[in-house]
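Protein chains: 2
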Amino acid sequence: MGVRLVIARCSVDYVGRLTAHLPQAVRLLLVKSDGSVSIHADDRAYKPLMWMSPPCSTLYGEDVWTVTNKAGEQLLITVDEVLSDVAHELGTDPGLVKDGVEKQLQELLADQCHVLGEGFTLVQREYFTDIGPVDLLCKDGSGAHVLVEIKRHAEIDAVEQLTRYLQRVSTVLGEVQGILAAQSFKPQAKVLAADRGIICVQVDYDALRGMESTRPTLF
Amino acid sequence: MGVRLVIARCSVDYVGRLTAHLPQAVRLLLVKSDGSVSIHADDRAYKPLMWMSPPCSTLYGEDVWTVTNKAGEQLLITVDEVLSDVAHELGTDPGLVKDGVEKQLQELLADQCHVLGEGFTLVQREYFTDIGPVDLLCKDGSGAHVLVEIKRHAEIDAVEQLTRYLQRVSTVLGEVQGILAAQSFKPQAKVLAADRGIICVQVDYDALRGMESTRPTLF
DNA sequence: ATCTATATTTCGAGG
DNA sequence: CCTCGAAGTATAGAT
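Taken in sequence, the protein lines are chains A and B.
So the first sequence is numbered by the working numbering: it starts at 1 and just counts up by one.
So the second sequence is numbered by the working numbering: it starts at 1001 and just counts up by one.
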């Protein structure tokens, strides 16, 4: 199998969650071993003009390729002229290793919640409410509860989310302080947070990780 | 220029909003005229393993391609073996025509707002407030104002959005009823909407379009 | 330039 | 299987 790279003059129709049409033009058709098909123009790295995600199958007609998935969505590729058609074997990919996402931040802050405020201690990570889990439930130096929402980059949505949690939790724990912890903040998020009495704490991921990795050497 | 298709044994590192690493393997490198680069394995139609969105530029070293954008994010592609390297001219794409997205729904509902409730009439589409435009401003059977927010699929954000509009508009029009109209709803969105006194109306896009297209024949 | 809202979002985790 | 939240979300449009 492998990837099949076709350069072709084609027009395309998608009928599924919406209907869309691509007029005739020269494009790159990319067919992969899992059956998926994507159609690329000569710009944009991330998003194809059209695509069909796996699992799906293709019926190769005389001039029309019909790509169909289980939900009945269809990609109709009318191939008017093939300018190139090659295939290459790639093998299975070992996949990628990520670092620096929200989950890691949550783990680090759960371990080192003292960076959120003087005398902070962790009560529970992923504290569940009926409208979803709060990232951290802590107690501050005076023993009062604090809800912590963690984001890589905090936007206005994060403030709304934490506000909902605070309202919800207040019926159980009484009035609770909220902290929004993030590596960076949108200005509007800071403004809205201030308006709602929510404290914004900027955290340094690298520093947190540094502390984590160096801590064993302290003993 | 045109698209450049390289099949190569390579390893890749991304350093930017996060750090990520791809071990050595054979992959497809796709370079486009806008400078964007994407790296594909032999599966998944939509999302590349790694990418750099335009605008960005590439420095081609002896063995390493360094792709950099304005924010300083980098993609380091170590090319160990080139198995194929071809380029094709595609020209500019005429672009696609969509149908069935939120804008169309808004047009249909503006024309047929009676489906939102008994005796509803349209006052204004895209009713502007200082925090943004409300999709529809209607009057119900009793002549009271109603704000309508339209989504293809309503999530919790839509409830927050409509809530903000209702608060804003209430200072001008007084207490106003809110309606969230969508083809489908997330359960949590329905719960929050109920909590805020917002009415959820499920609409059928195809039925609306059917009425629209058949209406001329009624006369 | 920044912010807002959309997306055929995709993707993965968890109940 | 559904539901939910995150994403290097990307992308388009408006301010």
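We treat Cβ as the ideally placed atom computed from N, Cα and C, and that holds for glycine.
CB of B:I1150 within 7 Å of CB of B:L1109, strictly: Working through the second sequence from its first residue, we reach residue 1150 of chain B at position 150. Working through the second sequence from its first residue, we reach residue 1109 of chain B at position 109. In contact: B:I1150 and B:L1109 (Cβ atoms closer than 7 Å).
Contact set between A:R44 and chain B, taken where Cβ atoms lie within less than 8 Å: As a position in the first sequence, residue 44 of chain A is number 44, starting the count at 1. The contacting residues are K1032, D1034, S1036, S1053, P1054.
Expected contact under 8 Å - CB spacing of A:K98 and B:L1018 to nearest Å: Residue mapping note: residue 98 of chain A aligns to position 98 of the first sequence, counting from 1. Residue mapping note: residue 1018 of chain B aligns to position 18 of the second sequence, counting from 1. The C-beta distance from A:K98 to B:L1018 rounds to 6 Å, short enough to fall under 8 Å.
Within 7 Å, strictly: CB atoms of B:P1094 and A:A25: The residue given as residue 1094 of chain B occupies position 94 in the second sequence. The residue given as residue 25 of chain A occupies position 25 in the first sequence. Between B:P1094 and A:A25, the C-beta gap is smaller than 7 Å, which places the two residues in contact.
Per DSSP, cross-strand counterpart(s) of A:D13: As a working note, residue 13 of chain A is residue 13 in the first sequence. Paired residues: A:H21, A:L76.
Cutoff 7 Å: B:I1131 Cβ touching any chain A Cβ: Here residue 1131 of chain B is taken as the residue at index 131 of the second sequence, counted from 1. Answer no: the Cβ-Cβ gap between B:I1131 and chain A never drops below 7 Å.
Buried versus exposed, by CB contacts within 10 Å (16 or more), A:V191: Translated into the one-based positions of the first sequence, residue 191 of chain A becomes position 191. Around the CB of A:V191, fewer than 16 other CB atoms lie within 10 Å, so the residue is classed as exposed.
Contact residues within the segment 1149-1175 of chain B, judged by C-beta distance below 7 Å to chain A: Within the segment 1149-1175 of chain B, D1157, E1160 place their CB atoms closer than 7 Å to a CB of chain A, listed in sequence order.
Neighbourhood of A:P216 by C-beta, 6 Å cutoff - its chain only, sequence neighbours within 5 removed: By one-based count along the first sequence, residue 216 of chain A stands at place 216. Since pLDDT at A:P216 reaches only 42, below the 50 mark, its modelled position is unreliable, and the value read off the structure follows with that caveat. Counting only Cβ-Cβ distances below 6 Å, and skipping sequence neighbours, we find nothing.
Where A:H153 falls, given that 16 or more other Cβ within 10 Å makes a residue buried: Looking up residue 153 of chain A in the first sequence gives position 153. Exposed: under 16 other Cβ atoms inside 10 Å.
Where B:P1133 sits in the DSSP three-state scheme: Locating residue 1133 of chain B in the second sequence gives position 133, where the first residue counts as 1. Under the three-state reduction of DSSP, B:P1133 is assigned to strand.
B:H1021: contacting residues in chain A (beta-carbon distance under 8 Å): Indexing the second sequence from 1 puts residue 1021 of chain B at position 21. Correct list: L96, V97.
B:I1039 - partner residues in DSSP beta bridges: Taking the first residue of the second sequence as 1, we reach residue 1039 of chain B at position 39. Residue pairing by DSSP places B:I1039 opposite B:L1029, B:M1050 in a beta bridge.
DSSP state of B:Q1106 mapped onto helix, strand, coil: The count along the second sequence starts at 1 and reaches residue 1106 of chain B at position 106. In the structure shown, B:Q1106 sits in a helix (DSSP, three-state: H, G or I).
Collapsed DSSP secondary structure at A:K190 in the structure displayed: Taking the first residue of the first sequence as position 1, residue 190 of chain A is located at position 190. It is helical.
Residue-level contact to chain B via CB, A:L75, 7 Å cutoff: Taking the first residue of the first sequence as 1, we reach residue 75 of chain A at position 75. No, because no Cβ of chain B sits closer than 7 Å to the Cβ of A:L75.
Spatial neighbours of B:A1133 in its chain, beta-carbon cut-off 6 Å, leaving aside the 5 residues before and after: Walking along the second sequence from the start, residue 1133 of chain B turns up at place 133. Here residue 1133 of chain B turns out to be Pro, not Ala, going by the sequence shown. Taken in chain order, the residues that qualify are E1126.
A:A59 to A:W65 span [Cα, whole Å]: The residue labelled residue 59 of chain A in the question sits at position 59 within the first sequence. The residue labelled residue 65 of chain A in the question sits at position 65 within the first sequence. Per the sequence presented here, residue 59 of chain A reads as Leu, with Ala not at that position. For A:L59 and A:W65, the distance between alpha carbons rounds to 6 Å.
Chain A contacts made by the segment 1002-1016 of chain B, where a contact means CB separation under 7 Å: The segment 1002-1016 of chain B vs chain A, Cβ under 7 Å: G1002, V1003, L1005, I1007.
Unbroken alpha helix (DSSP H) run spanning B:T1171, endpoints: To locate residue 1171 of chain B, count along the second sequence from 1; it is residue 171. Where B:T1171 is concerned, the enclosing alpha helix (DSSP H) stretches over 1156-1173.
Anticipated Cβ contact below 8 Å, A:L49 with A:L22, distance rounded: Here residue 49 of chain A refers to the residue found at position 49 of the first sequence. Here residue 22 of chain A refers to the residue found at position 22 of the first sequence. Their Cβ separation, rounded to whole angstroms, is 6 Å, which keeps A:L49 and A:L22 in contact under 8 Å.
Outcome for B:V1123 when other beta-carbon atoms lying within 10 angstroms are tallied against a minimum of 16: In the second sequence, residue 1123 of chain B corresponds to position 123, counting from 1. Around the beta carbon of B:V1123, fewer than 16 other beta carbons lie within 10 angstroms, which makes this residue exposed.
Inter-residue CB distance, A:M211 and A:Q112 (contact presumed, cutoff 8 Å): If you number the first sequence from 1, residue 211 of chain A lands on position 211. If you number the first sequence from 1, residue 112 of chain A lands on position 112. So it is a contact: roughly 6 Å between Cβ atoms.
Any C-beta of chain B under 7 Å from that of A:L59: Walking along the first sequence from the start, residue 59 of chain A turns up at place 59. Residue-level contact check: A:L59 does not touch chain B, since none of the beta carbons of chain B fall below 7 Å from its beta carbon.
CB contact check: B:D1093 to chain A, cutoff 7 Å: In the second sequence, residue 1093 of chain B corresponds to position 93, counting from 1. Yes, because at least one Cβ of chain A sits closer than 7 Å to the Cβ of B:D1093.
Where B:S1184 meets chain A, residues with beta-carbon distance less than 8 Å: Stepping through the second sequence from its first residue, residue 1184 of chain B is reached at position 184. Taking a Cβ-Cβ cut-off of 8 Å, B:S1184 has no neighbours in chain A, whose nearest Cβ is about 11 Å from it.
Residues that A:L49 contacts on chain B, provided the C-beta gap is smaller than 9 Å: Start at 1 with the first residue of the first sequence, and residue 49 of chain A comes out as number 49. Within 9 Å Cβ-Cβ: D1093, G1095, L1096.
Beta-carbon neighbours of A:R27, restricted to chain B and to distances below 8 Å: For the purposes of this step, residue 27 of chain A is identified with residue 27 of the first sequence, where counting begins at 1. Chain B residues near A:R27: L1090, D1093.
Neighbouring residues, chain A, relative to B:G1100 (Cβ below 8 Å): Here residue 1100 of chain B refers to the residue found at position 100 when the second sequence is read from its first residue. Chain A residues near B:G1100: R17, L18, T19.
For A:C56, the first and last residue of its enclosing beta strand (DSSP E): Working through the first sequence from its first residue, we reach residue 56 of chain A at position 56. Looking at the DSSP string, the run of the beta strand (DSSP E) that includes A:C56 is 56-60.
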